[in-house]
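*Asks:* Quick one: structure below, then a few questions.
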Amino acid sequence: MKPFAFARPGSVAEAVREVSAEPNAVFLGGGTNLVDHLKLGVARPDLVVDVRTLTSRETTDTADGGLLVGAAVSNSELAADRRVREHYPVLAQALLAGANGQLRNLATVGGNPLQRTRCVYFQDVTTACNKREPGSGCAAVGGYTRYHAVLGVPAALPDATAADTCIATHPSDMAVALAALDAVVHVLGPQGARTLPFRELHRLPGDDPSRDTVLGHGDLVTAIELPPLPMAARSTYRKVRDRASYAFALVSVAAALDVDGDTVRDVRLALGGVAHVPWRATRAEEVLRGGPATEHAFRAAAEAELAAAQPQPGVDGGNGFKIPLLTRTITATLRDLTEGATS
Amino acid sequence: MDADIRLTVDGELHELTVDTRTTLLDLLRERLGNTSPKKGCDHGQCGACTVILDGERALLCLALAVAHDGAEITTANGLAPEGELHPVQQAFLDHDAFQCGYCTPGQVCSAVGLLSEVDRGWPSHATADLTSDPELSDAEVSERMSGNLCRCAAYATITPAVQQAGGAR
Amino acid sequence: MTDLLEPRAMGRDLVRRDGVQKVRGTATYAYETPVESPAFCHPVQATVARGRITGIDTEAAEALDGVLAVLTSENAERLASTDDAELAVLQSPDVAFRGQVVGVVVAETSELARQGADLVVVTYAEQEHDSALTVDHPGLYAPEKVNPSYDTDVVQGDVDAELAASAVVVSHTYATAMVHNNPLEPHASTALWDGSSLTLWDSTQGVHPDRKAVCTVFGLEEEQVRVVCPYVGGGFGSKGTPHANVVLVTMAARALPGRPVKLALTRQQMFSLAGYRTPTIQRMQLGADRDGRIRALTLDVVEQTSRIKEFAEQTGVPARMMYTANARRTTHRLAALDVPVPSWFRAPGECPGMFGPEVAMDELAHELGIDPIELRVRNDPERDPETGQPWSSRHLVECLREGAERFGWAGRDPRPGVRREGRWLVGTGVASSVYPTMRQAQSTADVRFEDGRYVVEIGAADLGTGAWTVLPQIAADALGVDVDDVEVRIGDTRYPIASVAGGSSGTNTWGSAIAVAAREFRGKFGTDPRDGDEASGQVDQADTDDEHATYAFGAQFVEARVDVDTGEVRVPRLLGVFACGRILNPRTARSQFIGGMTMGLSMALHENSVWDPRIGQVANHDLAEYHVTVNADVGDVQAHWLDEEDPYVNVMGAKGIGEIGIVGTAAAVSNAVWHATGVRVRELPVTLDRLLTALP
Ligand SMILES: Cc1cc2nc3c(=O)[nH]c(=O)nc-3n(C[C@H](O)[C@H](O)[C@H](O)COP(=O)(O)OP(=O)(O)OC[C@H]3O[C@@H](n4cnc5c(N)ncnc54)[C@H](O)[C@@H]3O)c2cc1C
Ligand code: SF4
Ligand code: FES
Ligand code: FES
């Protein structure tokens, strides 16, 4: 680990100024991802600016009936919040499906969606990785791809040597729920405060896999806003993983469903473990809206969403299984929500 | 680069100058000689370094000491005075809920933390109805203890030990 | 046959003597040894899978304030012996596998050591490497022996003729994954060289074997080296032999005389430096009559070893004695690859070697329409099929029967894939387990009368197995005194020599030595000794029996549930019944059994070191990506045992219990998953992607 300076300024504004002024500075939240990366040599900052005690640790009701969650609220506190449990169960469940209790007590709402990929090559500085070392290539192509993307990736076997190749997934569970809930991110940047839709926070690798999000240097997440969404009271998060707990998602589904008799009035659907971003399944939503609330229709919607999915071959059999797995998991999750609606 | 911090560990106040890179885990183990929290992975992946940090169970290996200036830490060794055992520790002994003992201080602290979380109505992944307060079922205990790996695989005795301590509270 | 000790303390449910220290965290493990101003080490590892170092630039590391030494192949001391290539650390510029140690940085703090290691720049002339195991690898060869000294190939009878005469032949290839021991305490040590002698606090399964290896490598006399290890945070075989880290920490200590140094491998480093179980490919044939009598059994095993050091896992060995067969062939072929050095992992041989055969038995039972328990009963041999010797005791059938009773096996519908409860497909499975009862050749115990108590000293190790608690029980009965009047001291080469805690042989070996010492003590001093009276006993003075085949047996039962939508597997019930001779302490024994069984569950469902042959390393080399079972994966785990005392094995009547729990469990899980889903998973681990396409 290389040495770094540490600062805990007096205010968020000061924190933004300090980071903006130093090109190689980073914010520190709970540290559960950043410190991991410091040790691995994946993150090599000169200055670490602690914001955990600066940003808000409150969750407040907004005027329109939503919630505003301060960036320093811990993942545990948010999951335990009665308002979240009642009105946004998908979010509470997503949080509780992530990491373990000890990590959730440290991890912050600001830091969680900004955690970086778990791609094993990204985490190993002795291998090629465009995200960590732009231009070095992508060791994941044809490698261990079990936890890699099938959506938003160019082709079944992308060019491992190209500088823009990255087939990594975003690992956060919380982010999948936030994508489904149309959350809003509150940002304080060098140019002042702004908001952006959570769905626009993360980006596909495009021509620069090193950037996970659209945030610029010095942009501080100060809060996450949950807009009112009555249908979210019937929502759920289904995470499929390689062991029963304390494991990242192979795939996950965040869903909210509003059914009127046998018809889908409205739906929110987002997928995790499948793309460089928490994947909002807009195509499936379109197919579902106004259609029948049947298992058959759910499967058809899932298949529509996955029509463009690209299995990645790899040393352990690749990740093609994710496509049927997702189809089945989406179908089952929506079915369970419907059954909940009628019972 | 160095920084000055204050830290209370098992009731004792320390004023220290630390390398900004030093984690609370290395600080306790390598400088303060408090090796009750264990290092099993150093990356948040095993739970061996679990303690009670400012009232909640937390891992020490991913916590920079400088970022926790003023913190209060209770390790497994600080849960009860010398010569006595915390009810969770007694329950682990009663159920032989360990073998090599390396994960054990972390398991014990995790159990202490989870019982407090359940008391406050915090849900878990195993809580079927999020709107109600969770019961301390075996499934709840297992899920909540899943952040503590035991390579000796004493899980089947850990869960009843936590139940015993939970029942006694 | 021996005169069994009268069990008074033995068999009692005594609480662990080291329990309070362990629940408080005050038991001191190797790295934690309090020493005056220690220095810290961080290894530098090779980043190519095969090649030659062309340059090492240590300038930046050495310039770092606080760095005390940087050792590489260019400046490290020349070792006295490089016979063991794994331990020939920093002796040449050759790189034999990725992750091999190419240097170590010693510094005032662990942060500086790590930073220094990052600053060392090594350049390589990379060579093409070959690290992928395949069933038809061109380099496959027959090793001279398999671990530790079994015949590589054994052929009995006319296999082809018996196969041809069989009414049913089951013929499949099974595979077990590469898996890493991953004890929770990393491989770690504290070392102090005072200029002429070494004190090594090392996390080891045997202080004496550890010392012997260090003495050989460094050319030291045994008097010059003391190894201390009161507690071990698990080992499961990987701490049974020293690895490169032990040499490295000793070198570092010798480079800084008078200064204690500490070294702990990181979890990531353990995936290339601390041993592992080879992946195995098992080609298996079972030919049988309609009534289930096995006519032919063949098991041809392919596995790997490292190019620089051979370790041949004895995977085919249990199939030589488990069941009857008119003809039988078991073979082992190895590929020597550019990979880290494999080694012992809990029940080497038996653990992987009871996967293929026990799944094949299930397949055969299904083919024949015979209950899987009944099939095993019909093929239960009266004598050891390999040697013809009678069994000292073999109660496999009783284990199967009692397990069936306890598990609720009766009336089981044999059809696969027909039981559904809510979203779960439900099935049950069974498999047998076995483990040889072994006693090591060397171990000595001292008994001394001290302040009204009996002090027993022996350099044994407690890896969580309970030796701290169980050895006093044996000593008490051997001396005929109350267990509270006995103190046992272990884990230090200052005590008499003891064998490695491995192969479930510890209690058998050390206990036998203690019993001899007690006998000698009583013989010399009677029942009214004086302070300071002392006697010693050696295991080779204990009665031995060469006439019998000595094994422990068991049966594992599993209920598996498979999520009908996702293929996720859960195992709500795991039940084992074991016949392991006398159980010396039911409390610690139970922990051993359920620990072994749960580790078997972990092997069945989760564990898989995914090898990336392109770069030559384990891709998922940490505990987030290499999954071991967590608490939520575990439901009701029960271990039961038969009342068995075996007068042929030792005066305790006790067989080993440390490994048998893991044996067979993975097969029982795979068999239960088949019963639940109809999908036969012949390759471990049983992950959801292997089930998905066949789900409704
Ligand atoms: C073993 C293990 C298992 C895990 N399993 C899961 C899992 O199953 N599911 C899951 O979702 N997560 C999982 N996690 C990840 C965990 O949830 C994240 O590490 C955590 O949420 C990150 O939050 P933090 O506050 O600790 O972030 P930090 O580590 O402090 O920061 C993460 C990143 O965000 C930046 N940052 C932090 N705060 C802000 C801010 N306010 N504004 C702008 N930038 C900021 C930092 O610079 C850094 O780049 C796991 C982690 C570990 C170690
Ligand atoms: S997938 Fe992305 S993160 Fe992983 S190695 Fe390739 S570029 Fe790096
Ligand atoms: S050492 Fe902290 S979680 Fe493993
Ligand atoms: S008791 Fe050994 S790791 Fe848990």
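Protein chains in written order, with my numbering: chain A, 1121 to 1463; chain B, 5 to 173; chain C, 50 to 745. Note that beta-carbon positions come from the ideal geometry of N, C-alpha and C, so glycine has one too.
1. Which class does I546/C belong to by DSSP, given the choice of helix, strand or coil?
2. Using a Cβ-Cβ cut-off of 8 Å, state whether V13/B counts as contacting chain C.
3. Roughly how many angstroms separate the alpha carbons of V144/C and L386/C, rounded to a whole number?
4. Just checking L1160/A against ligand 1 - is the residue's beta carbon closer than 7 Å to any of the ligand's heavy atoms?
5. Terminal residues of the continuous alpha helix (DSSP H) containing S482/C?
6. In three-state DSSP terms, what is V1162/A?
7. Chain B beta carbons: is any one of them nearer than 8 Å to that of N643/C?
8. Starting from Y600/C, trace the alpha helix (DSSP H) in both directions and tell me its first and last residue.
9. Please report the distance separating the alpha-carbon of G1392/A from that of T1237/A.
10. DSSP three-state call for F320/C: helix, strand or coil?
11. Thinking C-beta only, is R1224/A closer than 8 Å to S1194/A?
12. Anything in chain B within Cβ reach of S1365/A, meaning under 7 Å, just list it in chain order.
13. Given the structure, does Q49/B come close to ligand 3, in the sense that its CB is under 7 Å from one of the ligand's heavy atoms?
14. Using only CA atoms, which one of R344/C, R316/C, G560/C lies nearest to M59/C?
15. Hey, would you say G540/C sits closer than 8 Å to C264/C, going by beta carbons?
16. Taking a Cβ distance cut-off of 8 Å, strictly less, list which residues of the segment 15-26 of chain B are near chain C, in chain order.
17. Using beta carbons (cut-off 8 Å, strictly below), is C107/B in contact with chain A?
18. Quick check: the Cα distance between A165/B and A101/B, rounded to an integer number of angstroms?
19. Taking 8 Å as the cut-off, does the segment 149-167 of chain B touch the segment 1225-1245 of chain A (at least 3 CB pairs, one atom from each stretch)?
20. Between Q168/B and chain C, is there a C-beta pair that is closer than 8 Å?
21. Given 8 Å as the limit, is there contact between the segment 547-559 of chain C and the segment 700-719 of chain C, that is, 3 or more CB pairs closer than that?
22. Shortest alpha-carbon distance to G68/C belongs to which of L89/B, M149/B, G59/B?
23. Cβ closer than 8 Å: which chain C residues qualify as neighbours of T1240/A?
24. Considering only residues of the same chain and omitting the five flanking positions on each side of G44/B, which have a CB-CB separation below 6 Å?
25. Please list, in chain order, the residues of the segment 1448-1459 of chain A that have any C-beta partner in chain C closer than 9 Å.
26. State yes or no: is the beta carbon of V1307/A nearer than 8 Å to at least one beta carbon in chain C?
27. Using 10 angstroms around the beta-carbon of V467/C, count the other beta-carbons present and answer buried if the total reaches 16, otherwise exposed.
28. Please look up how many angstroms separate the CB atoms of T131/C and L733/C, rounded, as I've assumed it's under 8 Å.
29. Measuring from the CB of D46/B, is there a heavy atom of ligand 3 at a distance below 7 Å?
30. Alpha helix (DSSP H) containing I29/C: first to last residue?
31. Below 7 Å, is the gap between the Cβ of R155/B and the nearest heavy atom of ligand 4?
32. Taking the DSSP output, what are the residues bridged to E31/C?
33. Hey, is P662/C's beta-carbon within less than 8 Å of any beta-carbon in chain A?
34. Please list, in chain order, the residues of the segment 43-55 of chain B that have any C-beta partner in chain A closer than 7 Å.
35. Kindly list the residues whose CB is nearer than 6 Å to the CB of V1273/A, restricted to its own chain and excluding five residues on each side of it in sequence; keep chain order.
36. I'd like to know whether the C-beta of A71/B is nearer than 8 Å to at least one C-beta of chain A.
*Replies:* This is what the structure holds:
1. Three-state DSSP puts I546/C in coil, outside helix and strand.
2. V13/B has a beta carbon lying at 8 Å or more from every beta carbon in chain C.
3. Cα-Cα distance, rounded: 13 Å.
4. Exclusion of L1160/A from the 7 Å shell around ligand 1 follows from its C-beta lying no nearer than that to any non-hydrogen atom of the ligand.
5. Here S482/C belongs to no alpha helix (DSSP H); instead the beta strand (DSSP E) covers 473-485.
6. Reduced to three states, the DSSP call for V1162/A is coil.
7. The residue you asked about is not Asn; residue 643/C is Ile in the sequence shown. Yes, its Cβ sits closer than 8 Å to a Cβ of chain B.
8. Unbroken run through Y600/C is the beta strand (DSSP E), 600-612; no alpha helix (DSSP H).
9. Straight-line Cα distance between these residues: approximately 12 Å.
10. DSSP places F320/C in helix when its eight states are reduced to three.
11. Taking 8 Å as the Cβ cut-off, S1194/A and R1224/A qualify as a contacting pair.
12. Correct list: H129, E147, S150.
13. Inclusion of Q49/B in the 7 Å shell around ligand 3 follows from its C-beta lying nearer than that to a non-hydrogen atom of the ligand.
14. That would be G560/C, whose Cα lies nearest to the Cα of M59/C.
15. For G540/C and C264/C, no; Cβs fall outside 8 Å.
16. Per Cβ criterion, the list reads D23, R25, T26.
17. Chain A has no Cβ within less than 8 Å of the Cβ of C107/B.
18. Computed Cα separation, rounded: 7 Å.
19. No: fewer than three Cβ pairs fall under 8 Å.
20. Chain C has no Cβ within less than 8 Å of the Cβ of Q168/B.
21. With the cut-off at 8 Å, the segment 547-559 of chain C and the segment 700-719 of chain C touch.
22. Considering only alpha carbons, the answer is L89/B.
23. In the sequence on display, residue 1240/A carries Val and not Thr. Near V1240/A (Cβ distances below 8 Å), the residues of chain C are A668, N669, H670, E674.
24. Answer for G44/B: C50, A52, listed in chain order.
25. Per Cβ criterion, the list reads R1448, T1449, T1451, A1452, T1453, R1455, D1456.
26. Taking Cβ atoms only, chain C never reaches closer than 8 Å to V1307/A, which makes this a no.
27. Here V467/C is exposed: its Cβ has fewer than 16 other Cβ atoms, across all protein chains shown, within 10 Å.
28. About 36 Å; that fails the 8 Å criterion.
29. At least one heavy atom of ligand 3 is nearer than 7 Å to the Cβ of D46/B, so yes.
30. No statement about residue 29/C is possible, as the shown extent of chain C runs from 50 to 745 and does not include it.
31. Residue side-chain check: R155/B places its Cβ nearer than 7 Å to a non-hydrogen atom of ligand 4.
32. Chain C is shown only over 50 to 745; residue 31/C falls outside these bounds and no answer can be derived.
33. Interface residue, yes.
34. Answer in chain order: D46, H47, G48, G51, T54.
35. Correct list, in chain order: I1287, Q1430.
36. By this cut-off, A71/B is an interface position.
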